[in-house]
Structure formats: C-alpha cells, structure tokens
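Engineer: The following block contains the structure, expressed as structure tokens.
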Amino acid sequence: MEQKTPYPAHLNFSDIQVGASYTFTKVISEETVDQFAQITGDFNPLHCDPAYGKQSKFKKNIAHGMLIGSLFSTLVGMYCPGRDCLYLSQTLKFRRPIFLEDQVTVKGTVSNKSESVKILTMKTEVIVDGKIAVSGEAKVRILENR
Amino acid sequence: MKRLKAILSDVLEIDEASITDETSPDNVDTWDSMNGLVLVTELEIKFNIKFKMEEVTSVKCVGDIKAALRSHGVVLSE
Chain A
190 MEQKTPYPAH LNFSDIQVGA SYTFTKVISE ETVDQFAQIT GDFNPLHCDP AYGKQSKFKK
250 NIAHGMLIGS LFSTLVGMYC PGRDCLYLSQ TLKFRRPIFL EDQVTVKGTV SNKSESVKIL
310 TMKTEVIVDG KIAVSGEAKV RILENR
Chain B
2 MKRLKAILSD VLEIDEASIT DETSPDNVDT WDSMNGLVLV TELEIKFNIK FKMEEVTSVK
62 CVGDIKAALR SHGVVLSE
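Protein chains in written order, with this note's numbering: chain A, 190 to 335; chain B, 2 to 79.
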C-alpha cells in the first residue's frame with residue numbers, strides 16, 4: 190500500500206510576522222521512544238527499561254531529551270516556514286522530564302526577521318500541562334529562490 | 002568593540018583575543034556561509050539595526066563589519 194508523505198506548509202518570508210506563533214501537538218508514545226532508541230542506539234534504561242524507570246527518581250520511564258528536541262525540526266520543516274526552510278541552528282534546554290503517553294504542545298514564536306538574509310529567529314518551546322519542558326531558539330532561512 | 006567581539010566569538014566559536022579588523026572568512030575556518038548568515042541576524046538583534054543586502058555582500062572582514070555598524074549609528078568603543 191502506498192504511504193503518502195504529509196506535505197509541509199509553504200510560508201513566504203513576507204507572510205510571517207514577528208510575534209506570530211505556530212503550534213502542533215503530539216503524544217509521546219512508547220513506540221515513538223522505542224523507535225528513537227532504535228534510530229540513535231540510545232537504549233539507556235531510563236528511557237527503555239520499565240523496571241529501571243520504576244526505581245528511578247521519576248518513578249517511570251522518560252522520553253529522550255533529543256527526541257523531544259527533534260520536534261522543533263518538525264515545527265520549522267512542516268509548520269513555519271515549512272517547505273522552503275533551511276534549518277541553521279537550534280539551542281536546547283531540557284527543563285522538565287516528559288513521560289511516555291504525555292501529550293506535548295510544540296510552539297514556535299517568531300522573535301525576529303532579518304530581511305537581508307531571509308532568516309527567522311524563533312523562540313521554541315515544548316509545553317506539557319501548561320509548563321515548559323524544553324525551550325530554545327531556532328534560526329531558519331527561507332529559500333525563496335530555490 | 003567588546004560587544005562586537007563577544008558576538009563574533011559566540012557565533013564563530015573563536016577566542017575574543019584573536020579577533021582583529023583583519024579577521025575574515027579567509028583566516029577563520031568556522032566563518033562559513035551558514036555562520037555568516039547567523040552572524041548577520043545576531044548583529045541585527047544585538048545592535049537593533051537592519052542591514053541591506055548590499056551591506057551584507059560587501060562585508061569581507063571584521064573591519065568592514067565595524068564600518069557597516071558605524072554607518073547605522075552604532076558607537077563602538079575600543
């Protein structure tokens with residue numbers, strides 16, 4: 190069966206305003222955490238071993254920080270600016286653990302536009318239950334003349 | 002210049018003490034095209050100015066950045 194790849198948004202530089210926010214939500218399932226462990230080779234028991242997780246300070250397994258951070262790639266590649274995005278940099282701060290089956294909201298707020306080089310600076314956050322779990326700053330270029 | 006050096010050091014990951022007016026993509030490996038773009042946005046944000054494309058393309062070294070900043074009214078103390 191043919192699987193269709195979701196198609197990204199296609200925002201031009203002039204479409205995007207400073208202060209505008211873009212969001213999406215995702216449930217961090219056990220399967221997602223397992224897939225991330227397979228891809229990266231990070232099978233740390235805090236993420237992958239339920240018995241270890243239960244005995245940890247968090248009392249259960251938590252998602253890999255970089256799995257959650259990778260959702261900022263989805264934010265810029267699929268939502269803002271989407272299709273013509275070139276991801277230049279990303280800072281990350283892991284502030285709270287994210288547990289399996291948590292629903293996260295990934296949010297990007299445009300804080301600056303550099304017209305001369307078509308670069309957006311975005312404040313990026315992952316929010317769980319109204320609290321910021323991961324924060325950082327992204328810089329993306331919009332390739333208007335691909 | 003201290004503020005400018007701090008930005009250059011942060012973006013290009015080089016020692017502030019090594020930065021001179023002659024510092025350029027020709028003598029700093031990390032001053033590649035991507036970092037050059039990031040540098041433009043960081044200068045714009047930190048000095049609250051906006052460059053024109055012609056200014057961006059005319060910059061060849063730190064001395065040129067200083068001249069561009071001064072043309073936007075930025076005072077650079079030595």
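Built from N, CA and C at the ideal position, the CB exists for glycine as well. Keep in mind the model is a prediction, meaning the values are calculated, not measured.
(1) When the Cα atoms are used, what is the spatial distance from LEU238/A to GLY254/A?
(2) Between which two residues does the alpha helix (DSSP H) holding CYS237/A run?
(3) Compare the C-beta of THR31/B against all C-beta atoms of chain A and say whether one is closer than 7 Å.
(4) Is the separation between the beta-carbon of VAL293/A and that of VAL317/A shorter than 7 Å?
(5) Taking the alpha helix (DSSP H) that ALA18/B falls in, what are its first and last residues?
(6) Here's the rule I'm using: 16 or more other beta-carbon atoms within 10 Å means buried, otherwise exposed. How should TYR211/A be labelled?
(7) List the DSSP bridge partners of ILE321/A.
(8) Give the C-beta separation of THR313/A and ALA327/A to the nearest angstrom, bearing in mind that I take them to be a contact with Cβ-Cβ under 8 Å.
(9) Going by C-alpha to C-alpha distance, which of LEU281/A, PHE247/A and ILE205/A sits closest to SER262/A?
(10) Sort out for me which residues DSSP pairs MET311/A with in a bridge.
(11) What's the C-alpha gap between MET2/B and GLU17/B?
(12) So ILE308/A contacts chain B; which residues on that side make the cut at Cβ distance below 8 Å?
Structural biologist: Looking at the coordinates:
(1) Looking up residue 238/A in the first sequence gives position 49. Looking up residue 254/A in the first sequence gives position 65. The sequence shown places Asp at residue 238/A, not Leu. In a straight line, the C-alpha of ASP238/A is about 16 Å away from that of GLY254/A.
(2) One-based indexing of the first sequence puts residue 237/A at position 48. Note, CYS237/A: alpha helix (DSSP H), 234-237.
(3) By 1-based counting over the second sequence, the position of residue 31/B is 30. No, THR31/B lies away from the interface with chain A (no Cβ there is under 7 Å from its Cβ).
(4) As a working mapping, residue 293/A is identified with position 104 in the first sequence. As a working mapping, residue 317/A is identified with position 128 in the first sequence. In this structure, VAL317/A lies closer than 7 Å to VAL293/A by Cβ.
(5) Taking the first residue of the second sequence as position 1, residue 18/B is located at position 17. Note, ALA18/B: premise wrong, no alpha helix (DSSP H); not H, not E.
(6) Counted from its first residue, the first sequence places residue 211/A at position 22. Classification for TYR211/A: buried.
(7) Walking along the first sequence from the start, residue 321/A turns up at place 132. Its beta-bridge partners are ILE316/A.
(8) Indexing the first sequence from 1 puts residue 313/A at position 124. Indexing the first sequence from 1 puts residue 327/A at position 138. The pair is a contact, with the Cβ atoms about 5 Å apart (cut-off 8 Å).
(9) Residue 262/A sits at position 73 when you count from the first residue of the first sequence. The candidate whose alpha carbon is nearest that of SER262/A is LEU281/A.
(10) Looking up residue 311/A in the first sequence gives position 122. Partner(s): VAL299/A and ALA327/A.
(11) Looking up residue 2/B in the second sequence gives position 1. Looking up residue 17/B in the second sequence gives position 16. Cα to Cα, MET2/B sits roughly 10 Å from GLU17/B.
(12) Numbered from its first residue, the first sequence carries residue 308/A at position 119. By Cβ distance, chain B contributes LEU38, VAL39, VAL41 and THR42.
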